[in-house]
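Presented below is the structure to which this report refers.
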Amino acid sequence: MQQYKLPGTFCPIADYELVHKAVEAAEKIGAKYAVGNVFSSDCFYDDASSLKEWDKMGVLAVEMEAAGLYAIAARAGKQALTICSISDCPFKETALSAEERQTKFTQMMEVALSIA
1 MQQYKLPGTF CPIADYELVH KAVEAAEKIG AKYAVGNVFS SDCFYDDASS LKEWDKMGVL
61 AVEMEAAGLY AIAARAGKQA LTICSISDCP FKETALSAEE RQTKFTQMME VALSIA
């Protein structure tokens, strides 16, 4: 956020209208979903022990782009939303196979396309 030279801390977030539309779309097709904070990091595969602190704060997932997307959208006066599908869980040491990632995320795509 330093590039914007703000005199304080800015927490970029999703656009509420888009979140609301995505929730409605997910409910319409019966998709399982969660709404909440994610941890945007440039170190996606960090030591799982450090992730426990984020988990205590209710953070739902780790990803690498949402904060940047939301900051750019805010600066441009545009709406933005990130829809994430979970493929790996460092706490349970589980992960979807490449084939599962290709076939299991269709509902996420349906939701995204329906609100675009």
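Count the sequence shown with UniProt numbering and you get residues 1 to 116, in order. Ideal Cβ placement from N, Cα and C applies to all residues, glycine included.
Can you grab the Cα-Cα spacing for the pair Ala26 / Ala112, in whole Å?
Residue numbering aside, residue 26 sits at position 26 when the sequence shown is read from its first letter. Residue numbering aside, residue 112 sits at position 112 when the sequence shown is read from its first letter. Taking the straight line from one Cα to the other gives about 9 Å.
To test your reading of the DSSP string, which unbroken alpha helix (DSSP H) runs of 4 or more residues are found completely within the UniProt domain "Nucleoside phosphorylase" (6 to 109)?
16 to 29, 48 to 56, 66 to 76 and 98 to 103
I'd like to know if the region 3 to 11 and the region 80 to 90 are in contact, where contact means that at least 3 CB-CB pairs between them fall below 8 Å.
no
Tell me which same chain residues have a C-beta within less than 6 Å of the C-beta of Arg101, skipping the five on either side of it?
Walking along the sequence shown from the start, residue 101 turns up at place 101. Within the same chain, Arg101 has close Cβ partners Ser87.
Which of helix, strand or coil DSSP assigns to Ala116:
Within the sequence shown, the letter at position 116 stands for residue 116. Ala116 falls in the coil class under three-state DSSP.
Select from Met64, Ala67 and Phe39 the residue whose C-alpha is nearest the C-alpha of Lys56.
One-based indexing of the sequence shown puts residue 56 at position 56. Answer by Cα proximity: Phe39.
Report the rounded CA-to-CA distance for Cys11 versus Gln2, giving the unit in angstroms.
Mapped onto the sequence shown, residue 11 falls at position 11. Mapped onto the sequence shown, residue 2 falls at position 2. About 12 Å.
For Glu24 and Asp15, what's the separation of their Cα atoms in angstroms?
Against the sequence shown, residue 24 aligns to sequence position 24. Against the sequence shown, residue 15 aligns to sequence position 15. Approximately 15 Å between the Cα atoms of the pair.
For a quick check, are the C-beta atoms of Met64 and Ser97 less than 8 Å apart?
In the sequence shown, residue 64 corresponds to position 64, counting from 1. In the sequence shown, residue 97 corresponds to position 97, counting from 1. Cβ distance not < 8 Å, so Met64 and Ser97 don't count as in contact.
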